[in-house]
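Undergrad: The opening residue of the sequence shown carries number 35 in our numbering; numbering runs sequentially from there. Cβ atoms here follow ideal geometry from the backbone N, Cα and C, with glycine treated the same way. Input: one structure, supplied below.
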Amino acid sequence: MNGADVLCDVLLANDVTVCFANPGTSEMHFVAALDRKPKMRCVLGLFEGVVTGAADGYARMTDRPAATLLHTGPGLANGLANMHNARRAFSPMINIVGDHASYHLPLDAPLTSDIESLAAPMSNWVGRVKGPADVVPAAEAAFRASLTPPGVATLILPADAAWGEVDAVLPGKVTLAPTPAVDMDAVRKIAAAIRAAPGRAGMIVRGKAARADALAIAGQISTGSDVRLFGEVLIARMQRGRGRVAPTRIPYPVDAAMAVLSDVDVLILVGAKEPVAFFAYPGKPGRLVREGCEVLTLAAHGDDLHAALEALRDELGIKPSQHKVLAAAFPDEATPNGKLTEDAVALSVARKLPADAIVCDEAVTSARRFFALSAFAAPHDYMMGTGGSIGGGIPMATGAAIACPDRKVVNLEADGSGMYTVQGLWTQAREKLDVVTIVFSNRTYAILHGEMKNVGVGAIGENARRMLDLDHPSLDWVSLAKGMGVEAARADTCERFDALLDSALSRRGPFLIEAVL
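In structure tokens, the structure reads:
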């Protein structure tokens, strides 16, 4: 038995059963070990950003880590952007990064790099296996770190640690630290603050506080004590749809966000962080809450958010039976026709979304209306990129589909963002994943046109336009998808889009719709 076999055994003993991989020479012994472990599902990504993004989507839907397999420092570097998104989402993940044999490192071969320094900014834990005998404690430490908030762990595996022989071992389950008890002092302080600011308190829910059961409790607090309920600007995962409590998402634009929060005197964080502007803008503040707003934490990520909400509800004297959520009817809005628009796509998807679907939204600008409409859609899970690093949508949908093979996944994708990790479509085809990708094909980085206005640029010239628009030539998403093995079609009218969406939702397997806007 070698170190690579032992590493696989530690992962499997702790229910890490999926490995998203893009391996190289230094990882061949680990690849051979994976080949001997039929319980491990190995999923190839053609680019490391697909690998780490898929692990993020998988973790968000299962609350447990997948492994990734990356090749030395440059391979890790290719995956860093979606590791950043995963870290911001608090997603558990175990990145296994192969390295040169320890005795080869002093030779400074071409792929030699400082992997620890590359990994550190996007990881919450970084460790290096010291030798074959160190594999078990190092792997167990990585697993424990992945499930200790915030969650991204990177384990460096030198080639000689992988191929080195060790005595046979039978790894067991790693013992995790118990969940902290609810902080009753915080509960009482927050209840008093709510009573002292009637109608002027707000609450931001995130993580497991944004699941349907916890949202129901948050909704009881909201209606019972007149507390406004919010979701963050970028939502890691929220359960949405008819019959579920629907928090208001804090808007991305600074002025709109400040307006939404302008009358909040007390802001309560439940698994969330205080909202701040994405960027600094001349003459605008970075904090979104008004000056003098009291920001209080009920519970942080890693705490028992459900129990904390229950404790606050009880402290406020709210009876659950008095506050029920009624399923709201879909807005009485005419079916769009003629030329396809962004709002028409959002409306059609919200109306037709199947029950228990998973929506991965990376069309942040174009699909802006969908989130509000999703409150009236069939019950579903909603996810976004959380770190602002684009290229997470297609991989996230890929990982979510592997995590939940019996659920339809719908990926709302911007054309510019999608090109960062278009290779994920190939993985969807190879794994026969049930993903419908809807590309908002406006042939521009629309969000950056808005940012130019935000920094005070009223009109742009040809140089700027050429850096913000995706034309000459226009991207052909139908051909791109078919080249990756995914069936695809184009729509430029509402009627054509509706017909394609009906067809895609009625069958299994990957399908891409290019929505030409």
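1. If the criterion is Cβ atoms closer than 9 angstroms, does the pair P388 and V469 meet it?
2. Can you tell me whether DSSP reads I424 as helix, strand or coil?
3. Quick check on the DSSP output: what are the complete alpha helix (DSSP H) runs of length 4 or more inside the stretch 393–420, in order along the chain?
4. Check this for me: beta carbons of M417 and A435, under 9 angstroms apart or not?
5. Please determine if the stretch 234–253 and the stretch 279–292 are in contact, where contact requires at least 3 C-beta pairs separated by less than 8 angstroms.
6. Between the alpha carbons of E529 and A120, how many angstroms are there, rounded?
7. Within a Cβ cutoff of 6 angstroms, which residues of the same chain sit near I437, ignoring the five residues on either side of it in sequence?
8. May I ask whether a heavy atom of the ligand GDP can be found less than 8 angstroms away from the beta carbon of R541?
9. With DSSP as the reference, please indicate the residues paired to H105 in a beta bridge.
10. Give the DSSP-derived three-state secondary structure of D337 in the structure shown.
11. Which residues mark the beginning and the end of the beta strand (DSSP E) in which N445 is found?
12. E521 bridges to which residues according to DSSP?
13. Over the uninterrupted beta strand (DSSP E) stretch that includes R274, give me the two end residues.
14. Just mark R122 as buried or exposed, buried being the case when its beta carbon has 16 or more other beta carbons within 10 Å.
15. Drop a sphere of 10 angstroms on the beta-carbon of V489, count the other beta-carbons inside from all chains shown, and report buried for 16 or more, exposed for fewer.
16. If we ignore side chains and look at the alpha-carbon of each, how far apart do P108 and V261 end up?
17. S12 and A549: beta carbons closer than 9 angstroms?
18. Which residues does DSSP list as the beta-bridge partners of V489?
19. Counting Cβ pairs, one atom from each stretch, are 3 or more of them under 8 angstroms apart for the stretch 205–215 and the stretch 176–186?
20. Can you grab the Cα-Cα spacing for the pair E376 / T86, in whole Å?
21. Using 10 angstroms around the beta-carbon of E61, count the other beta-carbons present and answer buried if the total reaches 16, otherwise exposed.
22. Quick check on DSSP: helix, strand or coil for C327?
23. Does the distance from the C-beta atom of L45 to that of T106 stay below 9 angstroms?
24. Looking at the unbroken beta strand (DSSP E) that takes in R530, where does it start and where does it end?
25. Output the boundary residues of the beta strand (DSSP E) element that contains L301.
26. According to DSSP, is F264 part of a helix, a strand, or is it coil?
27. Per DSSP, what kind of secondary structure is K373 in: helix, strand or coil?
28. Counting Cβ pairs, one atom from each stretch, are 3 or more of them under 8 angstroms apart for the stretch 184–197 and the stretch 154–172?
29. State yes or no: is the C-beta of L350 within less than 9 angstroms of the C-beta of S259?
30. Please list, in chain order, all residues of the same chain as P12 whose beta carbon is under 6 angstroms from its beta carbon, the five residues on each side excluded.
31. Could you check how far apart the C-beta atoms of A363 and D299 are, in whole angstroms? I think they sit under 8 angstroms.
32. Any chance the stretch 436–450 sits against the stretch 517–533, with 3 or more Cβ pairs inside 8 angstroms?
33. Quick one: grab the DSSP three-state call for C53.
34. Do you know how far the Cα of A47 is from the Cα of L303?
35. Could you pull out every residue in the same chain whose Cβ sits closer than 6 angstroms to the Cβ of F81, ignoring the five residues on either side in sequence?
36. Give me the Cα-Cα distance between A243 and L249, rounded to the nearest whole angstrom.
TA: So, from the data block:
1. Against the sequence shown, residue 388 aligns to sequence position 354. Against the sequence shown, residue 469 aligns to sequence position 435. Not closer than 9 angstroms, so no.
2. Counting from 1 along the sequence shown, the entry for residue 424 is found at position 390. Note: I424 maps to coil in three-state DSSP.
3. Correct list: 404–408.
4. Here residue 417 refers to the residue found at position 383 of the sequence shown. Here residue 435 refers to the residue found at position 401 of the sequence shown. At least 9 angstroms separates the beta-carbon of M417 from that of A435.
5. Verdict: yes, contact present.
6. The residue given as residue 529 occupies position 495 in the sequence shown. The residue given as residue 120 occupies position 86 in the sequence shown. The alpha-carbon of E529 is positioned some 37 angstroms away from that of A120.
7. Mapped onto the sequence shown, residue 437 falls at position 403. The residue you asked about is not Ile; residue 437 is Ala in the sequence shown. Result list for A437: Y92, M95, T96, in chain order.
8. This structure does not include the ligand GDP; it has no bound ligands of any sort.
9. Your numbering for residue 105 matches position 71 in the sequence shown. Answer is G132.
10. Indexing the sequence shown from 1 puts residue 337 at position 303. Strand.
11. Within the sequence shown, residue 445 is the residue found at index 411, counting from 1. Where N445 is concerned, the enclosing beta strand (DSSP E) starts and stops at 443–448.
12. As a position in the sequence shown, residue 521 is number 487, starting the count at 1. BP columns for E521 point to F545.
13. The count along the sequence shown starts at 1 and reaches residue 274 at position 240. From DSSP, the beta strand (DSSP E) with R274 extends over 272–274.
14. Sequence index remark: in the sequence shown, residue 122 carries index 88 (1-based). R122 is buried by the Cβ-count criterion.
15. Here residue 489 refers to the residue found at position 455 of the sequence shown. The residue in question, V489, is exposed, as its Cβ has fewer than 16 Cβ neighbours within 10 Å.
16. As a first step, residue 108 is located in the sequence shown; it is residue number 74 there, counting from the start. As a first step, residue 261 is located in the sequence shown; it is residue number 227 there, counting from the start. Between P108 and V261, the C-alpha separation is close to 48 angstroms.
17. Residue 12 falls outside the range modelled here, since the chain spans only 35 to 551, and no answer is possible.
18. The count along the sequence shown starts at 1 and reaches residue 489 at position 455. V489 pairs with nothing; no bridge assigned.
19. A contact exists between the stretch 205–215 and the stretch 176–186.
20. Here residue 376 refers to the residue found at position 342 when the sequence shown is read from its first residue. Here residue 86 refers to the residue found at position 52 when the sequence shown is read from its first residue. Rounded to the nearest angstrom, the gap between the Cα atoms of E376 and T86 is 29 angstroms.
21. The residue you call residue 61 lines up with position 27 of the sequence shown. It is buried - the Cβ of E61 has at least 16 other Cβ atoms within 10 Å.
22. As a first step, residue 327 must be located in the sequence shown, where it is residue number 293. In the displayed model, C327 falls within coil according to three-state DSSP, outside both helix and strand.
23. On the sequence shown, residue 45 is found 11 positions in, with the first residue counted as 1. On the sequence shown, residue 106 is found 72 positions in, with the first residue counted as 1. With contacts defined by Cβ atoms closer than 9 angstroms, L45 and T106 do not form a contacting pair.
24. Start at 1 with the first residue of the sequence shown, and residue 530 comes out as number 496. Boundaries for R530: no beta strand (DSSP E) harbours it, while the alpha helix (DSSP H) harbouring it runs 528–539, taken from the DSSP string.
25. As a first step, residue 301 must be located in the sequence shown, where it is residue number 267. From DSSP, the beta strand (DSSP E) with L301 extends over 300–304.
26. By one-based count along the sequence shown, residue 264 stands at place 230. In the structure shown, F264 adopts extended strand secondary structure according to DSSP, grouped into three states.
27. As a position in the sequence shown, residue 373 is number 339, starting the count at 1. Shown here, K373 sits in a strand according to DSSP, grouped into three states.
28. Three or more Cβ pairs closer than 8 angstroms define a contact, and the stretch 184–197 meets that threshold against the stretch 154–172.
29. Translated into the one-based positions of the sequence shown, residue 350 becomes position 316. Translated into the one-based positions of the sequence shown, residue 259 becomes position 225. Cβ atoms of L350 and S259: closer than 9 angstroms.
30. This structure cannot settle anything about residue 12, because the visible part of the chain is limited to 35 through 551.
31. Here residue 363 refers to the residue found at position 329 of the sequence shown. Here residue 299 refers to the residue found at position 265 of the sequence shown. Not quite, the Cβ-Cβ distance comes to about 33 angstroms (not below 8 angstroms), so this is no contact.
32. Cβ pair count under 8 angstroms is below three, so no.
33. Locating residue 53 in the sequence shown gives position 19, counting from the first residue. Strand.
34. For the purposes of this step, residue 303 is taken as residue 269 along the sequence shown, with counting starting at 1. For the purposes of this step, residue 47 is taken as residue 13 along the sequence shown, with counting starting at 1. When rounded, the distance between both Cα atoms is 35 angstroms.
35. Walking along the sequence shown from the start, residue 81 turns up at place 47. Result list for F81: Q457, in chain order.
36. Here residue 243 corresponds to residue number 209 of the sequence shown, with the count starting at 1. Here residue 249 corresponds to residue number 215 of the sequence shown, with the count starting at 1. Here the alpha carbon of A243 sits roughly 6 angstroms from the alpha carbon of L249.
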